[in-house]
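Engineer: After the structure tokens below, expect a handful of questions from me.
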Amino acid sequence: MEYTVEFLSRLQFAATAMFHYIFPPFSIGLGLILVIFESYYFITKDKVYENITRFWIKIFAANFSVGVASGIVLEFEFGTNWATYSRFVGDVFGSPLAAEGIFAFFLESGFLAILLFGWNKVKPWVHLFATFMVFIGSMMSGFWIVAANSWQQTPVAYEVITDASGITKAVITDFWEMVFNPSTPSRFSHTIIGAFLQGSFLVLSISAYYLYKKIHLEFATRSFTIALGVAFVSALAQPLLGHESAKVAYEYQPAKMAAFEGLYETKDNAPLYLFGWVDEEAEQTKGIAIPGMLSYLLNWDNDFVVKGLNEFPEEERPPVNAVFQSYHLMVAIGMGLILITFLGLLLLYKKTVFRKKWILWIFMLSVFLPVFANQAGWISAERGRQPYTVYGLLKTSESYSKSLVESEVLTSLILFFLIYGLLFFTWLFVLNKEIQHGPETLNPEDNLYRQRKLRINLLKFLK
Amino acid sequence: MDYNVVWFLIVGFLLVGYAILDGFDLGVGAWHFLGKTDHERRILMNSIGPVWDGNEVWLVTAGGALFAAFPDVYATAFSGFYLPFMFLLFALIFRAVSIEFRSKEESKTWRNFWDWCFSLGSIVAALLFGIAIGNVIVGFEIGSDKEYQGAFLDLVSPYTVLTGIFNVIMFMMHGAIYLTLKTEGDLQKRAKKWASKTYFVFLILYAFVTAFTIFIRPEMLANFSFGMMEPSTNHPLIINHQIFISVVAWSIVLLNALAILNILRALTKNKFLQAFVSSALMMAAIILFFALGLFPNMMVSTLSPDFSLDIYNSSSSDYTLKTMFVLALIGMPFVIAYTTIIYWSYRGVTKIDEQSY
Chain X
21 MEYTVEFLSR LQFAATAMFH YIFPPFSIGL GLILVIFESY YFITKDKVYE
71 NITRFWIKIF AANFSVGVAS GIVLEFEFGT NWATYSRFVG DVFGSPLAAE
121 GIFAFFLESG FLAILLFGWN KVKPWVHLFA TFMVFIGSMM SGFWIVAANS
171 WQQTPVAYEV ITDASGITKA VITDFWEMVF NPSTPSRFSH TIIGAFLQGS
221 FLVLSISAYY LYKKIHLEFA TRSFTIALGV AFVSALAQPL LGHESAKVAY
271 EYQPAKMAAF EGLYETKDNA PLYLFGWVDE EAEQTKGIAI PGMLSYLLNW
321 DNDFVVKGLN EFPEEERPPV NAVFQSYHLM VAIGMGLILI TFLGLLLLYK
371 KTVFRKKWIL WIFMLSVFLP VFANQAGWIS AERGRQPYTV YGLLKTSESY
421 SKSLVESEVL TSLILFFLIY GLLFFTWLFV LNKEIQHGPE TLNPEDNLYR
471 QRKLRINLLK FLK
Chain Y
121 MDYNVVWFLI VGFLLVGYAI LDGFDLGVGA WHFLGKTDHE RRILMNSIGP
171 VWDGNEVWLV TAGGALFAAF PDVYATAFSG FYLPFMFLLF ALIFRAVSIE
221 FRSKEESKTW RNFWDWCFSL GSIVAALLFG IAIGNVIVGF EIGSDKEYQG
271 AFLDLVSPYT VLTGIFNVIM FMMHGAIYLT LKTEGDLQKR AKKWASKTYF
321 VFLILYAFVT AFTIFIRPEM LANFSFGMME PSTNHPLIIN HQIFISVVAW
371 SIVLLNALAI LNILRALTKN KFLQAFVSSA LMMAAIILFF ALGLFPNMMV
421 STLSPDFSLD IYNSSSSDYT LKTMFVLALI GMPFVIAYTT IIYWSYRGVT
471 KIDEQSY
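Protein chains in written order, with this note's numbering: chain X, 21 to 483; chain Y, 121 to 477.
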């Protein structure tokens, strides 16, 4: 591997984007959980929901700040490392980024101030409204950036021109058609549901830990139940949205779809792999597959002829095995999440979920699964787009900044690794501290009667 | 007036907003170590607690606006400025997370570490912003391909170091004035002292920067000359309105001078809000002077005027500028409303409570 500016810039972009993407899905998912619990509190005025909401706000805050800090980098990294790309797509790609700032970031940061510091300062309905707006803001931010990225995957509504300095560039011909390009709706919903999964599994994990330790029981059972509901519905919806996304990918980026399934030969009755290995030299895929399933899923028809990688010259293909593996990891985890949440619901119905240690262990550890799935999904999407930055229009090898030298990018790359490493472990440390500290316990004088009644119910439930 | 000019103004507006808002934020960071006790340091940090994130959004949005409206400037500036810009990002990252992390742990070492990150991050960021502005005035070695051809060290010169230090001092003064609004008692007295002391350093540096700027870019004076000097551009807005522009420019000079004098007057009279507004106006005026001197260029090439990136040869298409202008028009009232509501909600002296950092 040669350490060229292009290679180092790709590595840096991948590292910084992947690091950043640990946090926003937590923010979006936790945002939903916050909205649910605060609404409960607002309606019932039950103190226990206040404590639940305020605990998750703390977790949300620590997560949000690392998300913001690592997000600033991405806003500028197109310019620093991908200047040629920026010149080419600025007209198209820059617009959603600017819109994200104007419509999402300002909204989010403004109401965040109320969400984090306003509990005793503003009326309850104002606070609830602020929480809701932060949640909406985080999703809007997701929308604009996914729209921009989707245009890279399925570019429409543009024309390519050459300016006076001889630089070719893409310019928008229809703004809204560009924003709602063919892959925006399916990819945006798939991304958001992935975020719901990641956020709800964080809540499940921390609640399961408390249940396992037999502390903060009231807090934990309620958080767990709501999060399990969110997680189950999201887990069920995710494959359907993923299916839509895959169909769009096949229509507009057939080489990507073929790489997802390691399909070289164009054929009908194309198989769908459960897992496998692609031998790129021999152009063969080995593994366990369901015959005809890929054809069936793409067109509800086993005889549907699926385009294979052989239709594309080698330099037009993405790295097949890498894309295959990350795609299958994502799918496998997605299926696993359905299973886990279903099991959780079943045991909840049987009233044993809160005391069976093994299922609590599963929920404690499974927070990593949606994180990996979200990361793997984006790796499949972005590496599957290779060798292009804008599919079919601009190659990655032509996109990097011409004025950079290797040592500059190497310096920043090393610093990113060090700084992000430090940030990551500090974040974990702070998160752990908040978890160990736990939610505020109810003041018994607040509502002695209610306390006693709940306790009796809870003990019945746990026995 | 075409959409290119409008976008020049919008980017300028976002930068003014950023300088005024994050300016005091970074200034507070620079003063952080003068908080004597842990409680004082927490007050300093929490004085910007609810607003720092929103303030930083102005920078992010300015970046997005530059990308959308002037992609070539976005590309050339950030790839040309690569390492300094990366250091700026690192400084901003450390500053941002240290606010969140600092008070999460009682240990002295822990708090000290994040205090350093917060303070140094703020100072470095202010310094690099100043150096960047200085370089915009000096110009860059931009070739016919719009790419920056210079090296990292070309960006550091006596002038740019001066503008860097000037910016740190200006933000520190601005931050100290902000602190007088957010503190009480002894801390407020000291903040007032910090503000008045930096005020005089600021005045001296201001004079130096002005003289130095006129020395290296005398053509920037054309806008003040009532048509007696040949303007450095033949842009119709400049050529056809030379008298008007000079009147405006001199009015800004006058208002700016009044604002600067009023900072000290208001500080002595304990009218801190007035001092803050004056300081904000002064910062807006500085950016206006620079923008006026630069217009219609955004990045001047020192190799040939033909290679300079101006608002026409570096811009997006008319269609995009127009569409984005409509979006900006819709969005801006909201932005201003959020900002106002937040500052209004968190007005007054900063108190430490259970939700504080």
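Yeah, the Cβ is synthetic: ideal placement off N, Cα and C, and Gly gets one too.
If you're wondering where the values come from, they're calculated on a predicted model, not measured in any experiment.
With a Cβ-Cβ cutoff of 9 Å, do ASN83 of chain X and SER47 of chain X count as a contact?
Structural biologist: yes
Engineer: Report, in whole angstroms, the separation of the C-beta atoms of VAL64 of chain Y and LEU323 of chain Y, which I expect to be a contact under 8 Å.
Structural biologist: Nothing about residue 64 of chain Y can be read from this structure; chain Y reaches only from 121 to 477.
Engineer: Is ALA133 of chain X close to chain B? Criterion is C-beta to C-beta, closer than 9 Å.
Structural biologist: In the structure shown, chain B does not exist; the protein chains are X and Y.
Engineer: Return the CA-CA distance between GLU301 of chain X and LEU240 of chain Y, expressed in angstroms with no decimal places.
Structural biologist: Near 52 Å, if we compare the C-alpha coordinates of LEU240 of chain Y and GLU301 of chain X.
Engineer: Check whether the stretch 182 to 202 of chain Y and the stretch 100 to 120 of chain X are in contact - that is, three or more C-beta pairs closer than 8 Å.
Structural biologist: yes
Engineer: Just to confirm, are VAL131 of chain Y and LEU186 of chain Y a CB contact at a threshold of 9 Å?
Structural biologist: yes
Engineer: Buried or exposed, going by whether 16 or more other CB atoms sit within 10 Å of the CB of THR372 of chain X?
Structural biologist: Result: exposed.
Engineer: If you draw a straight line from the C-alpha of PHE295 of chain X to the C-alpha of ALA352 of chain X, how long is it?
Structural biologist: 9 Å
Engineer: Tell me the start and end of each unbroken alpha helix (DSSP H) in the stretch 183 to 237 of chain Y that is at least 4 residues and wholly inside, in chain order.
Structural biologist: 191 to 200 and 202 to 221
Engineer: Measuring CA to CA, which of Y:SER227, Y:MET292 and Y:GLU267 is closest to ALA245 of chain Y?
Structural biologist: Of Y:SER227, Y:MET292 and Y:GLU267, the residue nearest in Cα terms is Y:MET292.
Engineer: At the level of alpha carbons, what is the spacing between ALA124 of chain X and LEU134 of chain Y?
Structural biologist: 16 Å
Engineer: In this structure, how does DSSP classify GLU281 of chain X when only helix, strand and coil are distinguished?
Structural biologist: DSSP places GLU281 of chain X in coil when its eight states are reduced to three.
Engineer: List, in order along the chain, the chain Y residues whose C-beta lies closer than 9 Å to that of ARG207 of chain X?
Structural biologist: Under the 9 Å cutoff, chain Y gives no residues; its nearest Cβ is about 20 Å from ARG207 of chain X.
Engineer: Buried or exposed: LYS370 of chain X, going by 16 or more other Cβ atoms within 10 Å of its Cβ?
Structural biologist: exposed
Engineer: For TRP145 of chain X versus PHE62 of chain X, is the C-beta spacing smaller than 9 Å?
Structural biologist: Contact annotation: TRP145 of chain X and PHE62 of chain X have beta-carbon atoms nearer than 9 Å.
Engineer: Can you tell me where the alpha helix (DSSP H) with GLN269 of chain Y in it begins and where it stops?
Structural biologist: First-last for GLN269 of chain Y: undefined, no H or E at that position.
Engineer: Is THR300 of chain Y near the ligand SAM, with its Cβ less than 8 Å from a heavy atom?
Structural biologist: Ligands in the displayed structure: none, and consequently the ligand SAM is not present.
Engineer: Quick check: the stretch 210 to 222 of chain X against the stretch 388 to 407 of chain X, are there 3 or more CB pairs under 8 Å?
Structural biologist: yes
Engineer: Out of curiosity, what's the CA-to-CA distance linking SER158 of chain X and PRO45 of chain X?
Structural biologist: 9 Å
Engineer: Can you list, in chain order, the residues of its chain with a C-beta nearer than 6 Å to that of GLU58 of chain X? Leave out the 5 residues immediately preceding and following it.
Structural biologist: THR73, LEU148 and THR151
Engineer: Step through the CB atoms of chain Y and report whether any lies within less than 9 Å of the CB of ASN289 of chain X.
Structural biologist: no
Engineer: Going by DSSP, which residues form a beta bridge with ASN417 of chain Y?
Structural biologist: Y:ASP430
Engineer: Under 8 Å between beta-carbons, which chain Y residues line up against VAL93 of chain X? List them in chain order, please.
Structural biologist: LEU209 and ILE213
Engineer: Going by the beta-carbon positions, is the gap between GLN490 of chain Y and LEU136 of chain X smaller than 9 Å?
Structural biologist: What the structure shows of chain Y is the stretch from 121 to 477, and residue 490 of chain Y is not part of that stretch, so it cannot be assessed.
Engineer: My output table needs one value for GLU179 of chain X: the three-state DSSP class, helix, strand or coil.
Structural biologist: strand
Engineer: Less than 7 Å between C-beta atoms, sequence neighbours within five positions excluded: which residues of the same chain meet that for LYS327 of chain X?
Structural biologist: Same-chain partners within the cutoff: PRO274, ALA278 and THR286.
Engineer: Identify the continuous beta strand (DSSP E) that holds ASP299 of chain X and give its terminal residues.
Structural biologist: Unbroken beta strand (DSSP E) run through ASP299 of chain X: 292 to 299.
Engineer: GLU428 of chain X touches chain Y at which residues, Cβ-Cβ below 7 Å?
Structural biologist: Near GLU428 of chain X (Cβ distances below 7 Å), the residues of chain Y are TYR202 and LEU203.
Engineer: Excluding the five sequence neighbours on either side, which residues of its own chain have a C-beta within less than 7 Å of the C-beta of ALA139 of chain Y, listed in chain order?
Structural biologist: MET403 and ILE407
Engineer: Can you find a CB in chain X that lies within less than 9 Å of the CB of ASP430 of chain Y?
Structural biologist: no
Engineer: Could you check whether the Cβ of TYR458 of chain Y sits closer than 9 Å to any Cβ belonging to chain X?
Structural biologist: yes
Engineer: Taking a Cβ distance cut-off of 7 Å, strictly less, list which residues of the stretch 156 to 173 of chain Y are near chain X, in chain order.
Structural biologist: For the stretch 156 to 173 of chain Y, which is checked against every Cβ of chain X, the residues closer than 7 Å are GLY169, PRO170, VAL171 and ASP173.
Engineer: So for ILE42 of chain X, helix, strand or coil by DSSP?
Structural biologist: coil
Engineer: Taking the straight line between their C-alpha atoms, what separation do you get for GLY51 of chain X and ILE156 of chain X?
Structural biologist: 9 Å
Engineer: Alpha carbon to alpha carbon, how far is VAL250 of chain X from SER220 of chain X?
Structural biologist: 7 Å
Engineer: What residue range is occupied by the uninterrupted alpha helix (DSSP H) comprising ALA133 of chain X?
Structural biologist: 126 to 137
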